[in-house]
Ligand code: HPA
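In this note's numbering, the protein residues as written are 649 to 925.
Okay, structure coming up:
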């Protein structure tokens, strides 16, 4: 069996091409919890519901819409937007979580911008910060590239020296300055959830070098790395992590905070896309 659902991805990509009937973008953006406002500052050309795409999983999380959207930004650049993503804690396999990335590869996507809501571990962070992800720690205990490898597609043992592209990180910093945004930068640790972390876990993750914690992103990034896409990752710090936060966590509060950061995030991502090489 192929480990990355290639045949299903071929059918899905053909469906998407037939439906969009247009040139396919080179850049895709995955919008995390509460960051959906990005679609309000782009010109939407066409939207497909995930449920209509063959083999595409469904998004069940509050704050996640479930649309694949083709859009342009002001300078005419075409982009593909995933409004909502799939999570391991929903019961999807790592391969299903990363399935859209295989489809993106077949569609010709070269640059992937991933976003998420995350809890701040670094005590110098503040709720409402945006963090450029410069590395990650895979704490899921699972991986989308296990199983038989197809050497025609990518290597068995994939290098992970630079999962997040340095040039894109530079562009993110430059454009942030232009917009008066002062982003944080740091390491994202991803784990399955769906429970929030314990105080002991967060203390341990801080010692391990993590700056922010979340339940997504890593499988998608590893799959994008497999296909040599350039990846930029941005976390919106919606809460301070357990033990650092004085209050208990609630998903709705996470989504509400992400919504308030959403406009700043959206303007920034748009500017980043305009400055892509
Ligand atoms: N932990 C895990 N995932 C999250 C958090 C958190 O504190 N905040 C937003 N997503």
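Beta carbons: idealized from backbone N, C-alpha and C, even for Gly. All figures in this text were calculated on a predicted structure; none of them were measured in a lab.
When every heavy atom of the ligand HPA is checked, does at least one fall within less than 7 Å of the C-beta of residue 863? Taking the chain shown and counting its residues from 1, one reaches residue 863 at position 215. Answer for residue 863: yes, Cβ within range of the ligand HPA.
For residue 757, I'd like the list of residues in its chain whose CB is within less than 6 Å of its CB, leaving aside the five on either flank, ordered along the chain. Residue mapping note: residue 757 aligns to position 109 of the chain shown, counting from 1. If we look at residue 757 and ignore the five residues flanking it on each side, its Cβ neighbours are 676.
Please classify residue 904 as buried or exposed, where buried requires at least 16 neighbouring CB atoms within 10 angstroms. The residue labelled residue 904 in the question sits at position 256 within the chain shown. The residue is exposed, with fewer than 16 neighbouring Cβ atoms inside 10 Å.
Residues in the same chain with beta-carbon distance under 8 Å from residue 766, minus the five sequence neighbours each way, listed in chain order, please. If you number the chain shown from 1, residue 766 lands on position 118. Excluding sequence neighbours, residue 766 sits near 779, 836, 860, 861, 862, 883, 884, 885, 886.
Shortest alpha-carbon distance to residue 924 belongs to which of 838, 840, 879? Numbered from 1 along the chain shown, position 276 holds the residue referred to as residue 924. Of the listed residues, the one whose Cα sits closest to residue 924 is 879.
Kindly indicate which three-state DSSP category residue 784 falls into: helix, strand or coil? Along the chain shown, read from residue 1 onward, the residue named residue 784 stands at position 136. Under the three-state reduction of DSSP, residue 784 is assigned to strand.
Buried or exposed: residue 842, going by 16 or more other Cβ atoms within 10 Å of its Cβ? Start at 1 with the first residue of the chain shown, and residue 842 comes out as number 194. Residue 842 should be labelled exposed.
Determine, using beta carbons only, whether residue 781 and residue 858 come nearer to each other than 8 Å. To locate residue 781, count along the chain shown from 1; it is residue 133. To locate residue 858, count along the chain shown from 1; it is residue 210. No, they are not a contact pair.
Is residue 844 near the ligand HPA, going by C-beta to nearest heavy atom under 7 Å? Within the chain shown, numbered from 1, the residue matching residue 844 stands at position 196. Flag set: Cβ of residue 844 near the ligand HPA.
Residue 787 to residue 865, Cα distance in whole Å? Translated into positions along the chain shown, residue 787 becomes position 139. Translated into positions along the chain shown, residue 865 becomes position 217. For residue 787 and residue 865, the distance between alpha carbons rounds to 12 Å.
Nearest neighbour of residue 762, chosen from 683, 655, 719 [CA to CA]: Reading the chain shown from its first residue, position 114 is the one you call residue 762. Looking only at 683, 655, 719, the smallest Cα-Cα distance to residue 762 is reached by 683.
Beta-carbon proximity check, residue 671 vs residue 726, cutoff 8 Å: By one-based count along the chain shown, residue 671 stands at place 23. By one-based count along the chain shown, residue 726 stands at place 78. Yes; because the gap between Cβ atoms is below 8 Å, this pair is in contact.
In chain order, what residues of the same chain have a beta carbon less than 8 Å from the beta carbon of residue 656, not counting five sequence neighbours either side? In the chain shown, residue 656 corresponds to position 8, counting from 1. If we look at residue 656 and ignore the five residues flanking it on each side, its Cβ neighbours are 702, 703, 747.
Tell me whether residue 805 is buried or exposed, calling it buried when 16 or more other Cβ atoms sit within 10 Å of its Cβ. Position 157 of the chain shown, counted from the start, is the residue given in the question as residue 805. Burial call: exposed.
C-alpha distance - residue 909 paired with residue 698, whole-angstrom precision: Reading the chain shown from its first residue, position 261 is the one you call residue 909. Reading the chain shown from its first residue, position 50 is the one you call residue 698. The C-alpha of residue 698 is placed about 25 Å away from the C-alpha of residue 909.
C-alpha gap between residue 649 and residue 793, whole angstroms: Your numbering for residue 649 matches position 1 in the chain shown. Your numbering for residue 793 matches position 145 in the chain shown. Its pLDDT being 43, under 50, residue 649 is placed unreliably by the model, and the measurement read from it follows with that caveat. Computed Cα separation, rounded: 12 Å.
Any heavy atom of the ligand HPA closer than 7 Å to the Cβ of residue 687? Translated into the one-based positions of the chain shown, residue 687 becomes position 39. False, no ligand heavy atom lies under 7 Å from that Cβ.
Mind checking residue 799: buried by the 16 CB within 10 Å criterion, or exposed? Position 151 of the chain shown, counted from the start, is the residue given in the question as residue 799. So residue 799 ends up on the exposed side.
For residue 680, which of helix, strand or coil comes out of DSSP? Within the chain shown, numbered from 1, the residue matching residue 680 stands at position 32. Looking at residue 680 - three-state DSSP - the assignment turns out to be coil, as it is neither helix nor strand.
Okay, do the segment 810-830 and the segment 910-918 touch, 3+ Cβ pairs below 8 Å being the bar? The segment 810-830 is in contact with the segment 910-918.
Could you tell me the distance, in whole angstroms, from the CA atom of residue 811 to the CA atom of residue 693? If you number the chain shown from 1, residue 811 lands on position 163. If you number the chain shown from 1, residue 693 lands on position 45. Their backbone Cα atoms lie some 31 Å apart in a straight line.
Using three-state DSSP, classify residue 921 as helix, strand or coil. Taking the chain shown and counting its residues from 1, one reaches residue 921 at position 273. Here residue 921 sits in helix by DSSP.
Give the DSSP-derived three-state secondary structure of residue 697 in the structure shown. Locating residue 697 in the chain shown gives position 49, where the first residue counts as 1. Strand.
Near the ligand HPA: residue 767 beta-carbon under 7 Å from a heavy atom: Along the chain shown, one-based indexing puts residue 767 at 119. Yes.
Whole-Å CB distance - residue 844 paired with residue 890, under 8 Å assumed: What you label residue 844 is simply residue 196 of the chain shown in a count that begins at 1. What you label residue 890 is simply residue 242 of the chain shown in a count that begins at 1. The pair is a contact, with the Cβ atoms about 6 Å apart (cut-off 8 Å).
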